[in-house]
Each structure stands twice: as C-alpha cells, then as structure tokens.
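Remarks on the structure that follows.
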Amino acid sequence: MNIFDYYLEKIKLLLNDLNKEGQIILPSSLDGINAEIPPEKFDCDISTNVAMVLSKINNKPPFDLAENLSKKIKSLDEYIDNVSIAKPGFINIKLKPSFWTNFINNIIKIPDTFGVNEKEDKNKYLVEFVSANPTGPLHVGHCRGAILGDVISNLLSFNKHVVTKEYYVNDYGNQIINFTKSVYARIREIKFNEPFPIDNEDLYPGDYLVDFANNIISANNELDFENYDKISIELTKLSITEALNLIKKNLKSLGIEHDNFVSEKSLVEAKEVEKVIDYLTENNHVYKGKIKAPKGENDQNWIEREQLLFKSTDFGDDKDRALQKSDGSWTYFASDVAYHKNKLDRKYDYLINILGADHAGYIKRITSSVDALSNSKNKLICKVSQLVKLIKDNKPFKMSKRKGDYITVDDLISEVGKDATRFIMLNRSSDVELDFDFDNVKEKSKENPLYYVQYCYARISSVYRHINIDLSVNLKISLSDFEYTSDEIKIFKKISEWPKCIDAASKKLEPHRIPVYLYELASLFHSYWNLGKDKPEKRFISEDKKISDDKLVFLKAISNVIRSGMNILGVETPEKM
RNA sequence: GCGCUUGUAGCUCAACUGGAUAGAGCGCCUGACUUCGGAUCAGGAGGUUCUGGGUUCGACUCCUAGCAGGCGCGCCA
Numbered sequence: 011m012n013i014f015d016y017y018l019e020k021i022k023l024l025l026n027d028l029n030k031e032g033q034i035i036l037p038s039s040l041d042g043i044n045a046e047i048p049p050e051k052f053d054c055d056i057s058t059n060v061a062m063v064l065s066k067i068n069n070k071p072p073f074d075l076a077e078n079l080s081k082k083i084k085s086l087d088e089y090i091d092n093v094s095i096a097k098p099g100f101i102n103i104k105l106k107p108s109f110w111t112n113f114i115n116n117i118i119k120i121p122d123t124f125g126v127n128e129k130e131d132k133n134k135y136l137v138e139f140v141s142a143n144p145t146g147p148l149h150v151g152h153c154r155g156a157i158l159g160d161v162i163s164n165l166l167s168f169n170k171h172v173v174t175k176e177y178y179v180n181d182y183g184n185q186i187i188n189f190t191k192s193v194y195a196r197i198r199e200i201k202f203n204e205p206f207p208i209d210n211e212d213l214y215p216g217d218y219l220v221d222f223a224n225n226i227i228s229a230n231n232e233l234d235f236e237n238y239d240k241i242s243i244e245l246t247k248l249s250i251t252e253a254l255n256l257i258k259k260n261l262k263s264l265g266i267e268h269d270n271f272v273s274e275k276s277l278v279e280a281k282e283v284e285k286v287i288d289y290l291t292e293n294n295h296v297y298k299g300k301i302k303a304p305k306g307e308n309d310q311n312w313i314e315r316e317q318l319l320f321k322s323t324d325f326g327d328d329k330d331r332a333l334q335k336s337d338g339s340w341t342y343f344a345s346d347v348a349y350h351k352n353k354l355d356r357k358y359d360y361l362i363n364i365l366g367a368d369h370a371g372y373i374k375r376i377t378s379s380v381d382a383l384s385n386s387k388n389k390l391i392c393k394v395s396q397l398v399k400l401i402k403d404n405k406p407f408k409m410s411k412r413k414g415d416y417i418t419v420d421d422l423i424s425e426v427g428k429d430a431t432r433f434i435m436l437n438r439s440s441d442v443e444l445d446f447d448f449d450n451v452k453e454k455s456k457e458n459p460l461y462y463v464q465y466c467y468a469r470i471s472s473v474y475r476h477i478n479i480d481l482s483v484n485l486k487i488s489l490s491d492f493e494y495t496s497d498e499i500k501i502f503k504k505i506s507e508w509p510k511c512i513d514a515a516s517k518k519l520e521p522h523r524i525p526v527y528l529y530e531l532a533s534l535f536h537s538y539w540n541l542g543k544d545k546p547e548k549r550f551i552s553e554d555k556k557i558s559d560d561k562l563v564f565l566k567a568i569s570n571v572i573r574s575g576m577n578i579l580g581v582e583t584p585e586k587m
C-alpha cells in the first residue's frame with residue numbers, strides 16, 4: 011500500500027484521458043512525473059511535479075498548467091480534501107482524515123508485508139559477501155561489509171526476491187601455503203618444543219594458531235607430525251577447516267549465516283579456470299601481451315613480461331589484466347573469473363558483490379569479465395563498504411596486523427553487543443567512512459540511536475502489557491470509523507512513507523535509509539508520548555485502566571513498522587529494556 | 001602520474017535517482033520530572049552545501065576544470 015504510487019497512477023491515467031481529449035500534450039514517457047513527500051512546512055500529504063514536467067511540451071507556464079490540473083485532480087476521489095498550488099508549480103494534495111482511518115485499518119491487516127513493493131518484478135539474486143581469507147578470525151574491518159551484505163540480502167528477501175547468500179573461500183594460493191606452514195610451526199612448538207620462528211615475516215603470528223594446532227593434534231593422532239611434506243595436503247585441509255569454523259562462529263555472533271560456501275580450490279581442481287579461459291579465448295577476449303608500468307612508478311624495477319591477459323579495456327577498464335603467473339599457475343583474478351562464470355551458470359538475474367574499500371580498484375576488471383561472459387551489462391553490481399575508524403577514549407585507535415593487536419569480532423561483540431554493532435554500522439551510508447566510537451556505542455541513552463528506536467517499541471509494549479494484550483498477536487477488534495486528529499495523522503503520514511523508504515533502500519542497495527527512517531518515526535512517537543503530560547486525552551490508558559480501540563490500532567501500526575524495520579536490520583525489539 | 005571515492009552547521013551525518021525556505025543528533029543556551037517507564041520531551045542560536053565555469057523552469061544532486069582527504073595501482077588474495 012504505497013499511497014504515493016497509488017495517486018501517481020491515478021494522475022497518470024488522468025493525463026492519458028486529457029491527452030485523448032486533446033486537452034494536453036504528453037511526452038513519450040511519463041517517467042519524469044513523480045509523487046513525493048512534501049516538505050514539512052506545507053500542510054499537505056502528497057505533492058507532484060506534473061505541471062513543471064509538462065510545461066515545456068505544452069508551451070504553457072507551469073503555474074497555469076497546475077491551476078488547470080489541480081481542479082481535475084481534486085475530483086479524482088472522495089478522499090482528497092483539497093489541492094493547492096505552490097510557487098514554481100507544485101501541485102499539493104491534502105487528504106481527508108477519513109483517508110487516514112482507512113489507510114491505518116488496511117495496513118494493520120498486513121503487519122508483515124506492509125512496505126513490500128508489490129509491483130516490482132521478482133528476481134533471483136546472489137549476494138556474495140565477507141569472503142575473508144580462511145586464515146584467522148574476523149576482525150572489525152570485515153564487520154561492516156558482513157553486516158551490509160546480510161542486510162541487503164534481508165532487504166531483497168523482504169521485497170520477495172529470491173536471495174542466496176554466498177561466501178567465496180580463498181583456499182588456494184600462496185597465502186594458504188604460508189598459513190599451513192604457520193600452523194605447522196605451532197604444532198612443532200607444541201609437540202617438539204621448537205620455538206615459533208617469530209622473525210619469519212611469511213608466517214602468521216597470531217595466538218589463535220595455537221588453538222588450531224592443539225585442535226588438530228588432539229583429533230589426528232594418526233598423522234606423522236614430524237614430516238611436513240608427508241602431511242602437508244591433509245594439514246592444509248585441517249587448517250582451513252579450523253579457520254572456517256572460527257569464521258562461521260564469528261559470523262553467527264553477528265547474526266549472519268551464509269547459504270553457500272564455495273571453494274576456490276575446488277573450482278581450480280575441476281578445471282573451471284581452464285574452461286573459462288578457453289571460452290574467453292574463443293570469443294577473442296584474451297591475448298598474450300605485456301603490461302606497461304604505471305607512470306608514477308620507478309620503472310627501473312619494472313620488468314615487462316609477456317603473459318596471458320584479459321582484454322578488460324574493451325569493457326572500460328584502464329589496463330588489461332593478467333590471468334596467469336610466470337610459473338604457469340593462475341592469478342587470483344583468473345579463478346575469480348571462473349567463479350563468476352560459475353555464478354552465471356547458476357542462472358541468477360543479478361549478482362551482488364560486497365567489497366571492502368581496499369578492493370574498490372578491483373571492480374572494473376571483475377565487472378568487465380562478467381560483461382564478457384554474459385554478453386550483457388549490469389548483471390554484476392558491486393557495492394563498496396568504506397572503512398571503519400575506531401575511536402576509543404576520543405582518540406583514533408589504530409590496528410596493526412604485525413603486532414597482532416587488531417580488534418576481533420569477538421572483542422567487539424563481547425564489548426558492545428550484536429545489536430548496537432549492527433545498528434551503528436548500518437546507520438550511515440556505506441559510501442562514507444564511519445566513526446565507530448566504542449564508548450558512545452555502549453552508552454544507553456539518546457546518543458545511541460539503537461536504544462532510542464528500541465525504547466519506542468518498549469514503550470508501546472508497556473502499554474499493551476498494562477492492559478494484558480499480547481503485542482505480537484494480531485488485534486481482534488472490529489475496525490471502524492475512528493476519528494484521528496492531526497497529532498496522530500502526523501505519525502500516519504510518516505508510516506505512509508515506509509514503502510517509499512523500502513523501495514529506495516532496496517533499489518539503490520542503501521540499507522542506511524532504514525535506521526534513519528526508524529529514528530524519525532521513533533522521534534515522532536516520543537513527542538506524541540509526551541503530549542500525554544499536558545493533555546490527558548492523549549494518554550493511552552485512561553484512569554479506569556481502559557484503552558480505546560483507535561489507540562490500540564494507532565500503537566499497533568507503529569509497532570508493526572518498527573518491528574518490520576528492525577527485522578530487516580537483524581536487530582532485536584525487546585518488550586522491556 | 002592514473003583510477004575509484006568522499007567533501008553539507010563547531011563535530012558526526014541525512015536529504016526520497018533534478019524539486020519548494022537544505023534537515024537530524026552531539027555540543028552550546030532556555031525550559032518540562034511525587035514519570036500512563038525521563039533511556040524522554042518543548043524552544044533558541046548555528047549554512048555562500050570545498051572553489052570556478054556550464055546544462056534548465058529548478059542543482060547538494062548531472063557535466064567540466066581545479067582544491068583537499070581516504071583507498072588502490074604489476075603474477076597478494
């Protein structure tokens with residue numbers, strides 16, 4: 011029930027009628043015409059720019075056109091109270107209170123689906139996110155992208171798309187060899203008392219490797235731990251499993267669960283890389299050539315080498331990209347192309363990749379490869395999540411991988427909790443660097459938007475609790491012709507914007523719009539709540555411990571939207587705080 | 001040097017794919033508590049939307065040239 015779309019449709023039908031009667035000239039497309047939320051200072055509910063858009067083609071000033079149209083819009087239906095015209099040529103529609111009573115009666119019947127875009131085509135999406143190397147626990151740097159991917163998936167599912175959440179496991183290549191050697195060094199440390207070679211920069215120094223080593227030793231008595239060469243294949247497998255289990259545990263504590271884990275190694279072993287390169291070669295996207303040194307680079311150290319390149323410049327990239335290393339093995343990019351071919355073969359309508367800011371430079375080449383493989387554009391959408399700046403004691407907190415002093419997801423969750431972490435990280439556009447202030451996030455006051463929104467829900471729950479009605483159960487009252495005043499209608503108006511919010515968030519893949527919206531809704535509610543101080547008639551429960559049906563409905567509608575929104579964010583709505 | 005990205009109130013950020021007099025929170029200044037749970041509310045001050053051009057009825061938003069910060073730039077994934 012998107013009232014803006016509803017009236018926009020009516021207006022477009024009206025325009026078509028007027029066009030047939032020869033009263034108005036229309037452009038080939040009516041896409042530029044919209045129905046929007048008017049600024050607060052205007053006393054109206056929906057505003058449209060029709061007159062301004064049609065002004066030129068009709069060769070009439072927008073104001074004249076608006077005057078003419080506004081009379082016709084007024085008679086569109088019985089719920090329109092009045093139609094006014096504002097300065098450049100906006101047409102503003104004010105709805106009658108009876109409209110809002112109807113509206114609220116309707117949405118109360120669909121608590122879980124209010125806001126869903128019914129008109130949109132339903133698609134199959136694959137969302138790939140996190141995909142951190144399976145060499146250790148997740149740290150704060152992974153967190154934002156993980157939450158972003160999870161909530162984008164929730165958002166798409168909410169809009170009735172089919173979504174698969176996938177994790178690409180980079181279990182192939184040099185770093186995995188180094189990782190396995192590190193685990194092995196820890197094993198030797200434990201079993202043979204050999205000191206861990208801490209100066210070896212290729213090895214991973216983290217303490218968690220000691221746990222991995224202990225787990226592997228105790229579960230695999232039969233292995234000959236003295237001979238690395240003999241056990242290296244098995245040890246690699248075991249080490250990756252350890253790391254993945256830890257990562258899955260970390261994700262779970264963030265409230266995240268993937269549907270699929272796809273192994274890079276298994277793609278390589280199934281010769282999918284060779285197959286995709288054959289395909290690209292047949293289609294003339296691959297050649298043997300040399301890459302030139304970048305300009306600022308000291309080109310003394312630059313050695314030009316002939317290697318297998320993908321013509322990503324054909325698709326808008328800055329340079330062509332290497333597929334094969336000089337030792338004949340595949341580059342990361344090559345197996346990633348194979349992975350994306352694999353995704354395409356699974357017949358998704360859209361692929362979404364969530365990347366960290368440090369991988370933004372990778373976007374052009376991977377979208378180029380998908381363009382080449384699918385012969386179409388915009389199949390792959392890459393979304394970048396910017397850095398998180400940690401702030402502790404009002405100072406930026408820098409992490410160093412070398413020292414091993416980085417903050418893990420475990421640290422984060424045990425200190426500030428899942429909900430606060432999720433809400434704060436989602437509260438800003440993912441394009442913008444985020445200040446994550448530890449002390450602030452822990453604070454339980456209005457400085458923390460999470461509690462501000464949750465408190466709104468808790469207040470509503472408390473009213474329901476007082477009158478012994480379960481808030482989570484559908485209302486059993488016969489809806490009728492309630493009379494609401496402008497105080498309540500103000501909140502209904504906000505509720506009517508919810509479908510618009512969902513729509514924008516889901517189309518632009520910008521989940522931050524949801525916490526921002528929920529905060530605004532909560533704010534209106536808190537204001538309303540305080541009206542009860544001066545005006546007894548604005549209190550929910552009367553002196554004889556009763557509540558009227560219109561107020562029950564009013565509260566129910568608000569709580570439904572809050573719960574729905576918090577569900578998408580993956581954040582709890584406690585009934586008591 | 002090139003690419004991507006950001007630049008909005010003192011600070012942290014919004015702004016509904018180009019709309020109206022650019023909105024919140026924090027901080028600052030007033031005010032509301034024997035609380036239908038104050039983890040709240042009411043009011044005030046605070047702006048040349050980084051700069052210069054352009055596109056049009058209309059620009060924080062699009063184009064262009066700069067400035068400033070961040071990230072990245074051969075076979076590391």
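The opening position of the first sequence corresponds to residue 11 in my numbering, with each subsequent residue numbered one higher.
Where is the CB? At the ideal position from N, CA and C, for every residue including glycine.
Note that this is a predicted model, so its numbers are computed, not measured.
With distances taken between CA atoms, Asn388 lies nearest to Leu361 out of Tyr289, Phe550 and Leu361. Taking the C-beta atoms as reference points, Asp87 is found no nearer than 7 Å to Leu105. With a cutoff of 7 Å on beta-carbon distance, Leu579 and Val161 are scored as near each other. In terms of CA proximity to Val179, Glu274 leads the group Arg523, Asn458, Glu274 and Leu23. His369 places its beta carbon 7 Å or farther from that of Leu436. Restricting attention to Pro49, Ile47 and Pro98, the CA atom closest to the CA of Ser65 is found in Pro98. With a threshold of 16 other beta carbon atoms within 10 Å, Pro525 meets it and is buried.
Residue Phe168 holds the alpha-carbon nearest to the alpha-carbon of Glu128 among Phe168, Phe100 and Leu136. Pairing Ser378 with Phe325 gives a Cβ-Cβ distance under 7 Å. Taking 8 Å as the upper bound for CB-CB distance, Phe14 and Lys510 are in contact here, some 6 Å apart. Spanning the alpha carbons of Pro546 and Ile257 requires a straight line of approximately 54 Å.
Closest in C-alpha terms to His350, from the list Val398, Ile287 and Gly125, comes Ile287.
CA-CA distance, Lys486 to Asn478, rounds to 13 Å.
Pairing Asp560 with Tyr494, the inter-Cα distance amounts to about 8 Å. Selection Arg154, Asn164 and Lys132 evaluated against Ser574 yields Asn164 as nearest (Cα-Cα). By DSSP's assignment, Trp340 forms a beta bridge with Gln334.
Secondary structure within the stretch 69-155: the alpha helix (DSSP H) runs of 4 or more consecutive residues, fully enclosed, are 72-84 and 107-117 (chain order). By the criterion of a C-beta distance shorter than 7 Å, Ala468 is surrounded in its chain by Pro584, Glu585, Lys586 and Met587, once the five residues flanking it on both sides are discounted. The alpha carbon of Leu481 has as its nearest neighbour, out of Asp491, Ile470, Asn203 and Ser490, the alpha carbon of Ile470.
With 16 or more neighbouring CB atoms inside 10 Å of its own CB, Phe502 falls in the buried class.
Counting only residues of its own chain and dropping the five nearest sequence neighbours on each side, Gln334 has a CB closer than 7 Å to the CB of Gln317, Leu318, Trp340, Thr341 and Ala344. When C-alpha distances from Lys302 are compared across Lys22, Asp328 and Ile226, the shortest belongs to Asp328. Inter-residue distance for Tyr218 and Gly146 is about 7 Å (C-alpha atoms, whole angstroms).
In terms of Cα proximity to Asp449, the closest of Gln33, Ser440 and Phe407 is Phe407. Exposed is the label assigned to Pro49, since fewer than 16 other Cβ atoms lie within 10 Å of its Cβ. Going by C-alpha positions, Asn12 is about 8 Å away from Glu507. Judged by pairs of C-beta atoms under 8 Å, the stretch 392-403 does not touch the stretch 184-199, as fewer than three such pairs exist. According to the DSSP secondary-structure assignment, Glu585 is paired through a beta bridge with no residue. In this structure, the CA atom of Ile241 is about 7 Å from the CA atom of Asp234. In this structure, DSSP gives Ile186 a helical state, which the three-state scheme calls helix.
The Cβ-Cβ distance between Val347 and Leu365 does not fall below 7 Å. With 16 or more other CB atoms across the displayed protein chains lying within 10 angstroms of its CB, Val173 is buried.
Secondary structure at Phe550: coil, using DSSP grouped into helix, strand and coil.
About 19 Å separates the beta carbons of Ala567 and Ile56, which is beyond the 8 Å limit, so they are not a contact pair. Lys353 is positioned such that its CB atom lies no closer than 7 Å to that of Leu166. CA-CA distance, Val581 to Asn102, rounds to 37 Å.
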